[in-house]
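First comes the structure, then the notes that go with it.
Numbering (the numbering used here), first residue to last: -13 to 264.
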């Protein structure tokens, strides 16, 4: 849950001063650069503020700064780490690969994963081993793993020559569907469908046949075949699910309706943003 600080002017002034004082220029300017949700376009930070490779260590430090990432959600400095990730993206800073991968589980909001996906897509091939290792770490939950999987998809989309490699990583992870969280299986399948990974169809079919995929996330095996171009929508009617079906699934399969608002304890620090199409 976000750490809500004292909202008095004096306290905020002290917090802003203390945060700015530990970052050199021009990195410190990111703390007051503004609310990203109100910006139409991503600024060219390198051109406007003069960032270069020498600033990478401090940019990584800001991007991973726990105090900033947990700052009051209405403060401007809570956006500092997002600006830092964007600068690292524009610099294609490979030194940030591992530190930023850790943010999938260290930062709990709905904005950061999209910024991370853009960063990894820009870095490209150098990020694949780290993302593959992340996907193989069962200590992460389904949603953290799903964000890493999405980053692989973004790499494949931005670098067509890396598409087969990314598909192979995602497919290999899906092959362990019997042990994976069912929701993670669904997220993996969703990424493979986005990449039109027809070569992964046998594994996808097996996961559905084993009843290890919640169909309301990506549809059923028939829907997957339509997405992959193996069947037409005329051959496979679109599957529709009621909210009651979803609630019953969680009650029966997982023991509790995870992911529903009454059980969510972590409030996003930044503006909500839809994560997945599936």
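We put the CB at the ideal spot given by N, CA and C, even for glycine.
Looking only at its own chain, which residues have a Cβ that is under 6 angstroms from the Cβ of residue i, when we skip the five neighbours before and after it?
| i | result |
| --- | --- |
| residue 87 | 116 and 120 |
| residue 118 | 155 |
| residue 126 | 91 |
| residue 82 | 46 and 74 |
| residue 108 | 75 and 78 |
| residue 183 | 153 |
| residue 198 | 163, 168 and 171 |
| residue 29 | none |
Exposed or buried, which one is residue i when buried takes at least 16 other CB atoms within 10 Å?
| i | result |
| --- | --- |
| residue 114 | buried |
| residue 255 | Low confidence applies to residue 255: its pLDDT is 40, below 50, so where it sits in the model is not reliable, and the reading given next is rough at best. Residue 255 comes out buried. |
| residue 84 | exposed |
| residue 52 | exposed |
| residue 55 | buried |
| residue 20 | exposed |
| residue 211 | buried |
| residue 160 | buried |
| residue 224 | exposed |
| residue 193 | buried |
| residue 99 | buried |
| residue 124 | exposed |
| residue 42 | buried |
| residue 221 | exposed |
| residue 226 | exposed |
| residue 209 | buried |
| residue 229 | exposed |
| residue 165 | exposed |
| residue 57 | buried |
| residue 204 | buried |
| residue 233 | exposed |
My understanding is that residue i touches residue j, with C-beta atoms under 8 angstroms, so please give their C-beta distance in whole angstroms.
| i | j | result |
| --- | --- | --- |
| residue 101 | residue 68 | 6 angstroms |
| residue 266 | residue 170 | Lying before the first or after the last residue shown, residue 266 is absent from the chain, which here runs from -13 to 264. |
| residue 145 | residue 176 | Actually they do not touch by this definition, with Cβ atoms about 20 angstroms apart. |
| residue 128 | residue 173 | 7 angstroms |
| residue 17 | residue 66 | 4 angstroms |
| residue 216 | residue 179 | Between residue 179 and residue 216 the Cβ distance is about 11 angstroms, and since that is not below 8 angstroms, they are no contact. |
| residue 207 | residue 185 | Between residue 185 and residue 207 the Cβ distance is about 16 angstroms, and since that is not below 8 angstroms, they are no contact. |
| residue 188 | residue 235 | Not confirmed; about 25 angstroms, so no contact. |
| residue 112 | residue 63 | Not quite, the Cβ-Cβ distance comes to about 30 angstroms (not below 8 angstroms), so this is no contact. |
Please work out which residues of its chain come closer than 8 angstroms, Cβ to Cβ, to residue i, disregarding the five sequence neighbours upstream and downstream, and give them in chain order.
| i | result |
| --- | --- |
| residue 44 | 9, 10 and 13 |
| residue 231 | 202 |
| residue 140 | 103, 104, 106 and 107 |
| residue 133 | 90, 99, 102, 103 and 261 |
| residue 93 | 55 and 67 |
| residue 32 | 38, 73, 76 and 77 |
| residue 196 | 163 and 164 |
In chain order, what residues of the same chain have a beta carbon less than 7 angstroms from the beta carbon of residue i, not counting five sequence neighbours either side?
| i | result |
| --- | --- |
| residue 149 | 142 and 181 |
| residue 71 | 49, 86, 101, 102 and 105 |
| residue 135 | 121, 156, 173, 174 and 177 |
| residue 219 | 212 |
| residue 151 | 114 |
| residue 15 | 35 |
Using a Cβ cut-off of 9 angstroms (strictly closer), state whether residue i contacts chain B.
| i | result |
| --- | --- |
| residue 198 | No chain B is present in this structure, which holds just one protein chain. |
Unbroken stretches of the alpha helix (DSSP H), 4 residues or longer, contained in the segment 101 to 172:
114 to 121, 128 to 144 and 149 to 160
Contiguous alpha helix (DSSP H) assignments of at least 4 residues, all confined to the segment 196 to 246
201 to 204, 207 to 213 and 229 to 235
Suppose only complete runs of 3+ residues qualify. What are the beta strand (DSSP E) ranges in the segment 28 to 56, listed by chain order?
none
Taking the runs of the beta strand (DSSP E) that are 3 residues or longer, which of them lie wholly in the segment 64 to 108?
none
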